[in-house]
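*Asks:*
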Amino acid sequence: MIENNLFDRLDRHGLVMAIWSPAAFLAAALLHKGVTAGGGAWWIGAGFGVLILGYAGHVIVNAVLKTRFTAGETALGLVTFAVGIVALLVTVLVAPSETVERVVLPVGLGLVSLVVAVIAYLVIAFGPRGAFERFDVIRDNNLRPASRLPHRGGRR
Amino acid sequence: MTPLLLSLLVLVALYGLYFAARTARVGGPPGEFADGGANLPGWAVMFLLPGLAVAGLGVERHFTLVGRFGLQASHVSAGLVLVAIAALLVWNRLWMATRVAGLFTPGEALGRFYDSVALRVVVMGLTVLFALPFAGHILSSVSVLLEAATEGLIPRAAGVWMIAIALAIPAIVGGWRATIMTLAMYSVLLALLMPGLTVLTEITATGPGFPAQSIGVADGILWDRIPGVLQNSAGIGKAMPPGGIFTAAAISSSAVALLGIVFSPAVLYLGQTAPAGRGLGVSTVWLLAGLVAGGFVLGGPVLAARMSDGPLALAGSLFEVEPLAGAGLLLLMMIGGLLAVSFFVTGGSILITRELVLTYLFPKLGARQARLGHRISLGLAFFFVALSASFAPLICAVGASVALPLSVQLLPAVLGLTFLRVISRGGVMAGLSIGCLIVVFTEPLGLILFESLFVELPWGRWPLTIHSAAWGLAFNLAFVLLSSAATLRSPDRFQRDRLHDAVEAALPPRQTGGRGLLWSLMLLWGFLAYGPGAILGNSFFSEPIFTDRSADLGVPSLWVWQILFWLLGVLLVWWFAYRVGLGRTSAERIKPITLGEPEKRRTPDWLAAGLERVVKKAS
Numbered sequence: 069m070i071e072n073n074l075f076d077r078l079d080r081h082g083l084v085m086a087i088w089s090p091a092a093f094l095a096a097a098l099l100h101k102g103v104t105a106g107g108g109a110w111w112i113g114a115g116f117g118v119l120i121l122g123y124a125g126h127v128i129v130n131a132v133l134k135t136r137f138t139a140g141e142t143a144l145g146l147v148t149f150a151v152g153i154v155a156l157l158v159t160v161l162v163a164p165s166e167t168v169e170r171v172v173l174p175v176g177l178g179l180v181s182l183v184v185a186v187i188a189y190l191v192i193a194f195g196p197r198g199a200f201e202r203f204d205v206i207r208d209n210n211l212r213p214a215s216r217l218p219h220r221g222g223r224r
Numbered sequence: 013m014t015p016l017l018l019s020l021l022v023l024v025a026l027y028g029l030y031f032a033a034r035t036a037r038v039g040g041p042p043g044e045f046a047d048g049g050a051n052l053p054g055w056a057v058m059f060l061l062p063g064l065a066v067a068g069l070g071v072e073r074h075f076t077l078v079g080r081f082g083l084q085a086s087h088v089s090a091g092l093v094l095v096a097i098a099a100l101l102v103w104n105r106l107w108m109a110t111r112v113a114g115l116f117t118p119g120e121a122l123g124r125f126y127d128s129v130a131l132r133v134v135v136m137g138l139t140v141l142f143a144l145p146f147a148g149h150i151l152s153s154v155s156v157l158l159e160a161a162t163e164g165l166i167p168r169a170a171g172v173w174m175i176a177i178a179l180a181i182p183a184i185v186g187g188w189r190a191t192i193m194t195l196a197m198y199s200v201l202l203a204l205l206m207p208g209l210t211v212l213t214e215i216t217a218t219g220p221g222f223p224a225q226s227i228g229v230a231d232g233i234l235w236d237r238i239p240g241v242l243q244n245s246a247g248i249g250k251a252m253p254p255g256g257i258f259t260a261a262a263i264s265s266s267a268v269a270l271l272g273i274v275f276s277p278a279v280l281y282l283g284q285t286a287p288a289g290r291g292l293g294v295s296t297v298w299l300l301a302g303l304v305a306g307g308f309v310l311g312g313p314v315l316a317a318r319m320s321d322g323p324l325a326l327a328g329s330l331f332e333v334e335p336l337a338g339a340g341l342l343l344l345m346m347i348g349g350l351l352a353v354s355f356f357v358t359g360g361s362i363l364i365t366r367e368l369v370l371t372y373l374f375p376k377l378g379a380r381q382a383r384l385g386h387r388i389s390l391g392l393a394f395f396f397v398a399l400s401a402s403f404a405p406l407i408c409a410v411g412a413s414v415a416l417p418l419s420v421q422l423l424p425a426v427l428g429l430t431f432l433r434v435i436s437r438g439g440v441m442a443g444l445s446i447g448c449l450i451v452v453f454t455e456p457l458g459l460i461l462f463e464s465l466f467v468e469l470p471w472g473r474w475p476l477t478i479h480s481a482a483w484g485l486a487f488n489l490a491f492v493l494l495s496s497a498a499t500l501r502s503p504d505r506f507q508r509d510r511l512h513d514a515v516e517a518a519l520p521p522r523q524t525g526g527r528g529l530l531w532s533l534m535l536l537w538g539f540l541a542y543g544p545g546a547i548l549g550n551s552f553f554s555e556p557i558f559t560d561r562s563a564d565l566g567v568p569s570l571w572v573w574q575i576l577f578w579l580l581g582v583l584l585v586w587w588f589a590y591r592v593g594l595g596r597t598s599a600e601r602i603k604p605i606t607l608g609e610p611e612k613r614r615t616p617d618w619l620a621a622g623l624e625r626v627v628k629k630a631s
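Structure (structure tokens):
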């Protein structure tokens, strides 16, 4: 970890923002073109492609600076993803059928591709077992010290 | 489009304010306000250097020229490769000299190295030239575009003041570090918007564009050819050379003028305050020579061909296809200008305050008071640039025309500091004087003044289609070499040798083989890419010299030539950066020295007396 002082953290934040701000603008333009009339699946695919490139850039930043995603970044990512899913559901419920047919499949695939990108990162960064352990809350809910013994299943 | 464009501009302004506030809240030592502790974020410097080179080229100006003159004007953008090589050569050694001898500004470095106050004054003059007329002219141009884009909703003068305030507040709050971090994002935006919008325009456009269609230039202009090596023309304003102004000589001399951005005091200061590391290599090889130069060589003619009716017309058609793309095109045209204004005014103000106010006027100020001084002078600098841009745009334009060519005249002085220890103070001053005079009298500044006051001159701007920067530099170098040869054993040589020895001792061990091959290739590449050999590209691929038949490429031969020599140029920059080792800086082996006598930080008597008189009168 090189985040040993406030300036290092600010520098990293600046770099992440410098990557995401233009990427978000480009992705917004492509996705907007894709979901409006006259657009299509390729535009939506290109928009999600830019988002995945931005994510790859963020992962590279983490690798070069020997840092991880901060809690704020993770929360923002999850909220944005949740908003995307809700927007997709609302579109399915209220939009005209022509729009639903045109938008739902590419946007759904795009959202799935984001999940795949995150899982791929976790697997590459922490290994399959390490990636699973980051979400494995059941193993952590036994507070007795004996639960940490290897033959009782504790592997921490 | 107006609300969307304004929203984007507001977001860009808020971005700067956000980082300025974050930087101020971190609360570093007050002394680091002006230089970021000489340890700016490496990534920010890495991204910013290509953005500054593009700002020197001028995004809107470049597209306009390519739209008017075709591929001959587009050839100038390959000069970005030359900028990358110059940045590598200069920044690496200047960075070392800064750390070795404690020379923290360009004026201090050149002034103390040559032991010349006059040189410090020259550097300060150049700083003002970039901070006021150069930045003012760009600010005025951006505001003209904003006025047209908003259909008069924001008049030019209002635009000037709004942009100046939006750029001033982050600089005043966050200082050098926050400004550089913000401008680095502008650079990334520029680098993404340029290829992104080119591709988007081509996909969504209705008719065929370049290269299927020719670039719509005026009659008599050779859009797909370089009109000769040199033209016997008195210069722009007196006679128009047939076929277009961008001869091989004009292209190479324009590339030389583009080097002025590297030698401008604020850019040299950026190099001095950069951190150690490999960022310089990445920045020059992959971002500047690779991505940006490639983007302009490949995408420049394509986008310019679509802009035959101007950027506003293209933005309008893009807006109908995708509103964000239309607004994004206008943002692309403006963001380079905003970057240049913010950088040169902030850098200029900081340099003037450090060199003049804190060194001579108030040398006893503490760190907190010095920071306040910087903030006040930043406010004043942005005020004056907005004032001059709004009320004297013509004077700004005339002054801006000499900024880059005059900056290039520092080349021998900087080369003396970084590589050639034989270059003496007398040589530098003699060369600088003659070079600057020639630049002024081959640009509107001197021509207008002289012709208004005395008689009509027989030449205009760029006589013989050679840019003023090259005219000045040719005489400058001749004088420098002659004078330096005559003063090889002068007593001031001792201090220069000390610095060079200390810098060379601090350099990491590197491969020395292949230098002859590198410089031979460099000369050959320069001859064919920019020099007289560039006209071979006019027909080299369409009418090959080894056969009577002509080849139907489907693209102009000159474009293929430009792409080929851009790629070879990237290879050369890579060689300089990684094989020669100029792309990496390290402080590991540095042993600091004191150059000459310790600097006397004392207010000159005449200044002290003047200040006292003012204070007494006020009290």
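So the protein sequences, as listed, match chains A and H. Position one of the first sequence corresponds to residue 69 (our numbering), numbered consecutively onward. Position one of the second sequence corresponds to residue 13 (our numbering), numbered consecutively onward. Idealized CB from N, CA, C, for every residue including glycine. For clarity, every value in this text was computed on a predicted model and none was experimentally measured.
#1: Quick check on R596(H): does DSSP put it in helix, strand or coil?
#2: Do P417(H) and G484(H) have their C-beta atoms within less than 8 Å of each other?
#3: The alpha helix (DSSP H) spanning K101(A) covers which residue range?
#4: Put I602(H) into one of helix, strand or coil per three-state DSSP.
#5: Compare the C-beta of K134(A) with all C-beta atoms of chain H and state if any pair is closer than 8 Å.
#6: With DSSP run on the structure shown, which of helix, strand or coil describes I388(H)?
#7: For the alpha helix (DSSP H) containing I153(A), name the first residue and the last one.
#8: Check whether the segment 143 to 155 of chain H touches the segment 387 to 402 of chain H, taking contact to mean three or more Cβ pairs, one atom from each stretch, closer than 8 Å.
#9: In chain A, what lies closer than 7 Å to E334(H) by C-beta?
#10: Per DSSP, which one or two residues make a beta bridge with I407(H)?
#11: Would P424(H) be called buried (16 or more neighbouring beta carbons within 10 Å of its own) or exposed?
#12: Quick one: give me the first and last residue of the alpha helix (DSSP H) that I187(A) is part of.
#13: Is there a Cβ of chain H sitting closer than 8 Å to that of I120(A), yes or no?
#14: Thinking C-alpha only, which one of M193(H), E600(H) and W571(H) is nearest P311(H)?
#15: Checking contacts by CB at 8 Å: is A86(A) closer than that to chain H?
#16: Report the option in D79(A), V84(A) and L217(A) whose CA atom is closest to the CA atom of T142(A).
#17: Excluding the 5 residues flanking L270(H) on each side, which residues of the same chain have their C-beta closer than 6 Å to its C-beta?
#18: Just to confirm my understanding: we take F356(H), look at its own chain, exclude 5 residues before and 5 after, and list those with CB closer than 8 Å. What are they?
#19: So is M69(A) buried or exposed if we call it buried at 16+ other beta carbons inside 10 Å?
#20: Assign E624(H) to buried or exposed, taking buried as 16 or more other Cβ atoms, counted over all protein chains shown, within 10 Å of its Cβ.
#21: Our contact map puts Q475(H) next to G247(H) with C-beta atoms below 8 Å; I'd like the distance itself, whole angstroms only.
#22: Can we say the segment 226 to 245 of chain H touches the segment 45 to 58 of chain H, given the rule of at least three CB pairs closer than 8 Å?
#23: At 7 Å on the CB atoms, spell out the chain A contacts of T35(H), in chain order.
#24: Just checking: is the beta-carbon of M345(H) within a distance shorter than 8 Å of some beta-carbon in chain A?
#25: Could you tell me whether any Cβ in chain A is nearer than 8 Å to the Cβ of P53(H)?
#26: Please confirm whether G378(H) has its beta-carbon closer than 8 Å to some beta-carbon of chain A.
#27: Which runs of the alpha helix (DSSP H) spanning at least 4 residues fall entirely within the segment 72 to 137 of chain H, listed in chain order?
#28: Going by the beta-carbon positions, is the gap between F552(H) and W573(H) smaller than 8 Å?
#29: For R473(H), which residues does DSSP report across the bridge?
#30: Measure the alpha-carbon distance for V183(A) versus V118(A) and round it to whole angstroms.
#31: Determine, using beta carbons only, whether L444(H) and V134(H) come nearer to each other than 8 Å.
#32: Cβ of M193(H) within 8 Å of Cβ of G82(A)?
#33: Leaving out the 5 sequence neighbours to the left and right, which residues in its chain are closer than 7 Å to S266(H) when beta-carbon positions are compared?
#34: So for I362(H), helix, strand or coil by DSSP?
#35: Counting along the chain, where does the alpha helix (DSSP H) carrying R216(A) start and finish?
*Replies:* So, from the data block:
#1: Within the second sequence, residue 596(H) is the residue found at index 584, counting from 1. Of the three classes helix, strand and coil, the one that applies to R596(H) here is coil, per DSSP.
#2: Taking the second sequence and counting its residues from 1, one reaches residue 417(H) at position 405. Taking the second sequence and counting its residues from 1, one reaches residue 484(H) at position 472. Contact flag set, yes.
#3: Your numbering for residue 101(A) matches position 33 in the first sequence. Residues L74 to V103.
#4: If you number the second sequence from 1, residue 602(H) lands on position 590. Here I602(H) sits in coil by DSSP.
#5: In the first sequence, counting from the first residue as 1, residue 134(A) sits at position 66. So no, K134(A) is outside the interface.
#6: On the second sequence, residue 388(H) is found 376 positions in, with the first residue counted as 1. Helix at I388(H).
#7: Taking the first residue of the first sequence as position 1, residue 153(A) is located at position 85. Element bounds for I153(A): A139 to V162.
#8: yes
#9: Start at 1 with the first residue of the second sequence, and residue 334(H) comes out as number 322. By Cβ distance, chain A contributes A97, H100 and K101.
#10: Reading the second sequence from its first residue, position 395 is the one you call residue 407(H). BP columns for I407(H) are empty, so no partner.
#11: Numbered from its first residue, the second sequence carries residue 424(H) at position 412. That one is buried.
#12: Reading the first sequence from its first residue, position 119 is the one you call residue 187(A). Per DSSP, I187(A) belongs to the alpha helix (DSSP H) from S165 to E201.
#13: Indexing the first sequence from 1 puts residue 120(A) at position 52. It does not; no Cβ of chain H falls within 8 Å.
#14: As a first step, residue 311(H) must be located in the second sequence, where it is residue number 299. It is Gly, not Pro, that sits at residue 311(H) in the sequence shown. Of M193(H), E600(H) and W571(H), the residue nearest in Cα terms is W571(H).
#15: Counted from its first residue, the first sequence places residue 86(A) at position 18. A86(A) counts as touching chain H.
#16: Within the first sequence, numbered from 1, the residue matching residue 142(A) stands at position 74. Relative to T142(A), the option among D79(A), V84(A) and L217(A) whose CA is nearest is V84(A).
#17: For the purposes of this step, residue 270(H) is identified with residue 258 of the second sequence, where counting begins at 1. Here the set comprises G68, G91 and V95.
#18: What you label residue 356(H) is simply residue 344 of the second sequence in a count that begins at 1. Excluding sequence neighbours, F356(H) sits near F142, A143, F146, A147, S276 and A278.
#19: Translated into the one-based positions of the first sequence, residue 69(A) becomes position 1. At M69(A), the pLDDT of 41 sits below 50, so the modelled position is not reliable; the number obtained from the coordinates is stated separately. Exposed is the call here.
#20: Numbered from its first residue, the second sequence carries residue 624(H) at position 612. By the 10 Å Cβ count, E624(H) comes out exposed.
#21: Residue mapping note: residue 475(H) aligns to position 463 of the second sequence, counting from 1. Residue mapping note: residue 247(H) aligns to position 235 of the second sequence, counting from 1. Reading the sequence as shown, one finds Pro at residue 475(H) and not Gln. About 4 Å; that satisfies the 8 Å criterion.
#22: no
#23: By 1-based counting over the second sequence, the position of residue 35(H) is 23. Under the 7 Å cutoff, chain A gives L78.
#24: Stepping through the second sequence from its first residue, residue 345(H) is reached at position 333. So, not an interface residue.
#25: The sequence position of residue 53(H) within the second sequence is 41, counting from 1. Taking Cβ atoms only, chain A reaches closer than 8 Å to P53(H), which makes this a yes.
#26: On the second sequence, position 366 is the one that residue 378(H) refers to. Output row for G378(H): interface = no.
#27: 83 to 86, 91 to 113 and 118 to 126
#28: On the second sequence, residue 552(H) is found 540 positions in, with the first residue counted as 1. On the second sequence, residue 573(H) is found 561 positions in, with the first residue counted as 1. Result yes, Cβ atoms of F552(H) and W573(H) sit closer than 8 Å.
#29: Indexing the second sequence from 1 puts residue 473(H) at position 461. I248(H).
#30: Working through the first sequence from its first residue, we reach residue 183(A) at position 115. Working through the first sequence from its first residue, we reach residue 118(A) at position 50. If you take the alpha carbons of V183(A) and V118(A), they lie about 15 Å apart.
#31: Taking the first residue of the second sequence as position 1, residue 444(H) is located at position 432. Taking the first residue of the second sequence as position 1, residue 134(H) is located at position 122. Their beta carbons are under 8 Å apart, which means L444(H) touches V134(H) by this criterion.
#32: In the second sequence, the residue the question calls residue 193(H) occupies position 181. In the first sequence, the residue the question calls residue 82(A) occupies position 14. Yes, the pair counts as a contact, with Cβ atoms nearer than the cut-off.
#33: Taking the first residue of the second sequence as 1, we reach residue 266(H) at position 254. Result list for S266(H): V88, G91 and H479, in chain order.
#34: On the second sequence, position 350 is the one that residue 362(H) refers to. Looking at I362(H) - three-state DSSP - the assignment turns out to be helix.
#35: Reading the first sequence from its first residue, position 148 is the one you call residue 216(A). R216(A) -> no alpha helix (DSSP H), and no H or E assigned at all.
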